[in-house]
């Protein structure tokens, strides 16, 4: 962690897509692939939660700064689709 850092966290995954991912000295999450019947959350869900939380925190901060008593809600949809033709990917 650098001295000018306002926040630092260390996230660790040693198991890949099947196992546990964790924040050092904090949250531990059972992870699995979106295509697996195995129980657990997947990276796509974790990214969606991060986006929703960060965006909503920003909106609420702006509303508060403007003196607006309104509440906000952010909904993130994540879809995983199979691409038929990978030639047009890049």
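Numbering (our numbering), first residue to last: 1169 to 1258.
Every residue gets a Cβ at the ideal spot worked out from N, C-alpha and C, and that includes glycine.
- Taking each of 1193, 1172, 1187 and 1185 in turn and checking the Cα distance to residue 1179, the smallest one comes out for 1193.
- Residue pairing of residue 1190 in beta bridges, as defined by DSSP: 1180 and 1196.
- One alpha carbon belongs to residue 1197, the other to residue 1239, and they sit about 29 Å apart.
- Residue 1199 sits buried, since 16 or more C-beta atoms from the chains shown fall within 10 Å of its C-beta.
- Short of 7 Å from the beta carbon of residue 1187, and not among the five residues preceding or following it, lie these beta carbons of its own chain, in chain order: 1199.
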